[in-house]
Amino acid sequence: EWIELYNNSSLTLNLLDWTIEKAGTSFDHVFTFSDINIEPNSFLLIGEEFVRNTDLTTVLAFQNGGSESDGIRLTSADGLYTDTILYDSPNSNELPDDISNPGEYFAPDVDGGNTLARKHDGEDSNNCEIDFFECEVPTPGEANFYPIDLAINNLEIFENDGEYWLQIVVENLSTENVDNLAASINIVVNDTLIGTYELPTIPAESTIDFSCQIGELVNGYHLIIVELIYFYDNEIDNNHAESSLLNGASPFVLNEIMFKPLSTNQEWVEIFNRTECVYSVDNLRIMDASGGIISFYGDIPPMDYIVVCQDTILFMQTYPEVDPEKVIFASDWTSLNNTDETLILTDEFETKFDSTSYNGNSCPANFSIERVDPFDDENIQWFICTDSLGTPTIANSVLPMQFDLSLEFNNIQINENSITHSIIIKNIGLENIYDAVITSDLIINGEYPSENIFSDELSLEDSLYYVFTTDIVEKGYFSFLYEVISESDINPSNNIDFGFYNSESLPFVINEIMYDPDGDEPEWIEIINNIVIPDLTEIILVVDGDTLEIPYCDETYFLITNSESDADSLRTKYDLDDITILTGLSSLSNNGEQLLLMDECGNLIEEFFFQPDWNDELDGVSIERVNPEIMAIEQNWGPSTNGCTPGRANSIFVQMLPNTMKLNVAPNPFSPYRDERRIFSFALPEVLSTVTLRIFDLKGRMIRRLVDQVLQSSEGNVIWDGRNDNGKKLPIGVYIVLMQATARDSEKVYSKKITVVIAK
């Protein structure tokens, strides 16, 4: 045990015959001082054996425990001065205080190893509860240290009228006030002290709001540190706060991601520093959509790359040409999704530098995705790397060239006597091109060579919306080729685009419709190209309001059905391995459907409503177009005479109908006795007719019915082997052939009679 005295005066004090007493039930003598001085504003330490650095050693044996109050008293030699401390309660034994009244205020009872210490050296109010505290870190022979704890939190950085401000909350966690100007705040920005600010009085167990102006900050990444300075603070861990601020563009960006590696490779992320400064990345991290974190430590050189991965040794084995100084080990890693994913590059203060989202379904395995231009923050694009394995720590394969113009068709507007064209020209290279020439050529019905119809010199900045006018063109399908030309352009492949205009032309049409197939067979539509448009990339089919965009096919015929399984079924049944079959067709109604066909510019090619009676409502029979170069009117459609003809000429196709019925025979004469055959060729002046063809002898007796009430197209052939209906060869002689046809639509009856000769 020990006790410490303090001389709070400016005079040396002699303690001869002063005494120390202790109290349990009452105060009893403990120790009487000999001739010893205590210097002004100094301490005197009296302790038992084994207490180090004591000024006096004696047995003290102060009271500790029991159910009553205990006390210690210092009394002057003349008995006129006392200083009493009473500790623990209740004071049922009525120990007196310094004015000899039973004490009412008590210092706390302390845990073993702790002391009772006066809060402020030399200050006494005769209230032990206020004057003393339980000290967990005793200071024998030295000044007492009352535990004051100040803390700072809720650091915020905000902008106001172009100036940045800092705001923070200062909290006094202790039970004592902190005096005015006793504590201060230091503000450090990027390792530079920008200000020290003294704080006002901070009441006990209270908070104050502090704010100050940081001022203008240059563009870039800034680390801001706030430090609370208070000499008597016994807990300094909460005297420090940090935050960060990104002013303007981010100094670094996510630049390349390998998220779908083969088993011999690994996931990795590339970061690009697009500034002239070295940056530490110790406090950076990459967070995915689920909250997973990729943590790493190191430096990123100016205008250079780092790659973050889980296994640096495997990475160097896979990419031996990479500088190992640019490969950084990830102390924490979260697996990247192969489908939908979002990655955010941030720091420990959640300041966001960059982010990207991707859908990896179309990305092949072991290919990375790359940011197109790491310096462009307005039009951020990511493409699949053109190189397998990616391009870690070198320029991306999709990086823009130094000088590059691009041209994009925007719109064509048809006026009464002119056509207004609008296009967009952009500088997409790393540096701008300022002078160029724009030209436009006309291609008629897809046939080259083209004809130049416009040219102009341009002055460019970043991008240009350009409009010009040409003369109207009539009756045909017209392609307009637009091109921007500059000697500085390194990449001319994106300098051309096309616009299209249709004027009373049928470049491609719907040629056959299977809307009511047999059983589980698929529905389909056949499209035929009357002319090939080599520069067209897409056509649009609308079925009862459902729009289907399909790639343009330059084959004569191609089909559209619902699904790949339907396409496989059609290939197998109709031997269509050499015919393109596209998918996505909506269901076709058996009651008819509105169909619309357009090109990629929205030019209407044709629009019509097909009716089920166009094929006499026959199940499993398609509707065929008679002539694809004629409008889709009802008279130009009919039922297929072959059931259907996908991928080949329609069974009822007619280039031009004859004015009268024609019937020819060859050879004539012929001999069934030499196994010869005779072919009757006919041509009818109707698209579809019900045909009967019979053979008579010269007495008018019918001996053979070759065709009986069969629906036929306008042209066809019938073969006869010279036998009667009983299969017997006819005798040598002359026979009469009668063909009759009833038109399907007009019901007009046509008839033709010829003679044939059977020879030996």
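First residue of the sequence shown: 4, per my numbering; consecutive thereafter. Just so it is clear, CB atoms sit at the ideal spot from N, CA and C, and this is done for glycine as well. What you are looking at is a predicted structure, and each value in this text was computed from that prediction instead of being measured.
(1) Could you give the distance in angstroms between the alpha-carbon of Thr195 and the alpha-carbon of Ile102?
(2) Is there contact here, the segment 394–409 with the segment 486–495, by at least three beta-carbon pairs under 8 Å?
(3) Residues in the same chain with beta-carbon distance under 7 Å from Pro661, minus the five sequence neighbours each way, listed in chain order, please.
(4) Mind checking Gln384: buried by the 16 CB within 10 Å criterion, or exposed?
(5) Which of the three DSSP states is assigned to Ile239 in this structure?
(6) Can you tell me the Cα-Cα spacing of Leu591 and Asn448, whole angstroms?
(7) Does the pairing of the segment 723–731 with the segment 741–752 give three or more beta-carbon distances under 8 Å?
(8) Is the beta carbon of Gly650 sitting closer than 8 Å to the one on Ile582?
(9) Can you tell me whether DSSP reads Gly198 as helix, strand or coil?
(10) In terms of alpha-carbon separation, which member of Ala26, Ser45, Asp86, Phe46 lies closest to Glu71?
(11) Counting C-beta neighbours from all protein chains within 10 Å, is the total for Asn175 16 or more, i.e. buried, or is it exposed?
(12) May I ask you to report which of helix, strand or coil DSSP gives Lys329?
(13) Are the beta-carbon atoms of Asn1 and Thr15 separated by less than 8 Å?
(14) Less than 7 Å between C-beta atoms, sequence neighbours within five positions excluded: which residues of the same chain meet that for Trp453?
(15) Can the beta-carbon of Asn532 be found less than 8 Å from the beta-carbon of Leu509?
(16) Per DSSP, Tyr322 is paired with what?
(17) Give the C-beta separation of Asp291 and Leu339 to the nearest angstrom, bearing in mind that I take them to be a contact with Cβ-Cβ under 8 Å.
(18) Would you kindly report the start and end of the unbroken beta strand (DSSP E) that includes Thr87?
(19) How do the segment 599–613 and the segment 673–686 stand: do at least 3 beta-carbon pairs fall below 8 Å, yes or no?
(20) Less than 7 Å between C-beta atoms, sequence neighbours within five positions excluded: which residues of the same chain meet that for Asn639?
(21) Cα-Cα, which of Leu220, Asp114, Tyr753 is closest to Asp164?
(22) Which of the three DSSP states, helix, strand or coil, is assigned to Trp336?
(23) Glu132 by DSSP, collapsed to three states: which one?
(24) Counting only the same chain and skipping the five closest in sequence on each side, list residues whose C-beta sits under 6 Å from that of Phe352.
(25) Within the chosen definition, does the segment 433–444 reach the segment 461–468 through at least 3 CB pairs nearer than 8 Å?
(26) Cα separation between Asn514 and Ser358?
(27) Which of the three DSSP states is assigned to Asn653 in this structure?
(28) Between the C-alpha atoms of Met601 and Ile761, what's the straight-line distance to the nearest angstrom?
(29) Measuring CB to CB, does Ile530 end up less than 8 Å from Val512?
(30) So the alpha helix (DSSP H) Tyr469 belongs to, where does it begin and stop?
(31) Taking DSSP as the reference, what is the three-state secondary structure of Pro377?
(32) So, is Ser187 buried or exposed, given that buried needs 16 or more other C-beta atoms within 10 angstroms?
(33) Note down the Cα distance separating Asn333 from Asp350, rounded to an integer number of angstroms.
(34) Where does Glu411 sit, in a helix, a strand or coil, going by DSSP?
(35) Near Val752, which residues of its chain fall below 6 Å by C-beta distance, leaving aside the five closest residues on each side in sequence?
(36) With Leu588 and Glu526 assumed to form a contact (beta carbons below 8 Å), what rounded beta-carbon distance in angstroms separates them?
According to the data block:
(1) Here residue 195 refers to the residue found at position 192 when the sequence shown is read from its first residue. Here residue 102 refers to the residue found at position 99 when the sequence shown is read from its first residue. Distance between the alpha carbons of Thr195 and Ile102 is about 57 Å.
(2) Flag = yes, the segment 394–409 and the segment 486–495 touch.
(3) Residue mapping note: residue 661 aligns to position 658 of the sequence shown, counting from 1. Answer for Pro661: Ala686, Pro688, listed in chain order.
(4) The residue you call residue 384 lines up with position 381 of the sequence shown. Under this definition Gln384 is an exposed residue.
(5) Your numbering for residue 239 matches position 236 in the sequence shown. Three-state result, Ile239: helix.
(6) Counting from one through the sequence shown, the residue named residue 591 turns up at place 588. Counting from one through the sequence shown, the residue named residue 448 turns up at place 445. Cα to Cα, the separation comes out at about 31 Å.
(7) no
(8) In the sequence shown, residue 650 corresponds to position 647, counting from 1. In the sequence shown, residue 582 corresponds to position 579, counting from 1. In this structure, Ile582 lies closer than 8 Å to Gly650 by Cβ.
(9) By 1-based counting over the sequence shown, the position of residue 198 is 195. The answer is strand: DSSP assigns Gly198 an E or B state.
(10) Taking the sequence shown and counting its residues from 1, the one referred to as residue 71 is at position 68. Nearest neighbour of Glu71 by Cα position, chosen from Ala26, Ser45, Asp86, Phe46, turns out to be Ala26.
(11) Locating residue 175 in the sequence shown gives position 172, where the first residue counts as 1. The residue is buried, with at least 16 neighbouring Cβ atoms inside 10 Å.
(12) In the sequence shown, the residue the question calls residue 329 occupies position 326. Lys329 falls in the helix class under three-state DSSP.
(13) Because the chain spans 4 through 763 in this model, residue 1 falls outside it and cannot be assessed.
(14) Within the sequence shown, numbered from 1, the residue matching residue 453 stands at position 450. Strictly speaking, residue 453 in this sequence is Ser, with Trp absent from that position. Closer than 7 Å at Cβ, skipping near neighbours: Asp444, Leu445, Ile446, Leu484.
(15) In the sequence shown, counting from the first residue as 1, residue 532 sits at position 529. In the sequence shown, counting from the first residue as 1, residue 509 sits at position 506. No, Cβ-Cβ distance for Asn532 and Leu509 is not below 8 Å.
(16) Taking the sequence shown and counting its residues from 1, one reaches residue 322 at position 319. Residue pairing of Tyr322 in beta bridges, as defined by DSSP: absent, with no partner found.
(17) Within the sequence shown, residue 291 is the residue found at index 288, counting from 1. Within the sequence shown, residue 339 is the residue found at index 336, counting from 1. Indeed they touch by this definition, with Cβ atoms about 7 Å apart.
(18) If you number the sequence shown from 1, residue 87 lands on position 84. Start and end: 85–90.
(19) no
(20) Here residue 639 refers to the residue found at position 636 of the sequence shown. Correct list, in chain order: Arg628, Val629, Asn630, Ile633.
(21) What you label residue 164 is simply residue 161 of the sequence shown in a count that begins at 1. Put simply, of Leu220, Asp114, Tyr753 the residue whose alpha carbon is nearest the alpha carbon of Asp164 is Leu220.
(22) One-based indexing of the sequence shown puts residue 336 at position 333. In the structure shown, Trp336 sits in coil (DSSP, three-state: anything other than H, G, I, E or B).
(23) Numbered from 1 along the sequence shown, position 129 holds the residue referred to as residue 132. Glu132 falls in the helix class under three-state DSSP.
(24) Within the sequence shown, residue 352 is the residue found at index 349, counting from 1. Answer for Phe352: Ser246, Ser247, listed in chain order.
(25) Contact between the segment 433–444 and the segment 461–468 is present: three or more C-beta pairs spanning the two stretches fall below 8 Å.
(26) As a working note, residue 514 is residue 511 in the sequence shown. As a working note, residue 358 is residue 355 in the sequence shown. Spanning the two alpha carbons is a distance of roughly 50 Å.
(27) In the sequence shown, residue 653 corresponds to position 650, counting from 1. Three-state result, Asn653: coil.
(28) Within the sequence shown, the letter at position 598 stands for residue 601. Within the sequence shown, the letter at position 758 stands for residue 761. Those two C-alpha atoms are separated by around 57 Å.
(29) By one-based count along the sequence shown, residue 530 stands at place 527. By one-based count along the sequence shown, residue 512 stands at place 509. Cβ distance < 8 Å, so Ile530 and Val512 count as in contact.
(30) Within the sequence shown, numbered from 1, the residue matching residue 469 stands at position 466. Premise fails: Tyr469 lies in the beta strand (DSSP E), 466–474, not in any alpha helix (DSSP H).
(31) Taking the first residue of the sequence shown as position 1, residue 377 is located at position 374. In the structure shown, Pro377 sits in coil (DSSP, three-state: anything other than H, G, I, E or B).
(32) As a working mapping, residue 187 is identified with position 184 in the sequence shown. When all chains shown are included, Ser187 counts as exposed.
(33) Position 330 of the sequence shown, counted from the start, is the residue given in the question as residue 333. Position 347 of the sequence shown, counted from the start, is the residue given in the question as residue 350. Looking at the sequence provided, one finds Ala at residue 333 rather than Asn. Ala333 and Asp350: Cα-Cα distance of roughly 15 Å.
(34) Taking the first residue of the sequence shown as 1, we reach residue 411 at position 408. Note: Glu411 maps to strand in three-state DSSP.
(35) For this step, residue 752 is matched to residue 749 along the sequence shown. So the qualifying residues of the chain are Thr745.
(36) Here the question's residue 588 lines up with position 585 in the sequence shown. Here the question's residue 526 lines up with position 523 in the sequence shown. With 8 Å as the limit, Leu588 and Glu526 qualify as a contact, their Cβ atoms being about 7 Å apart.
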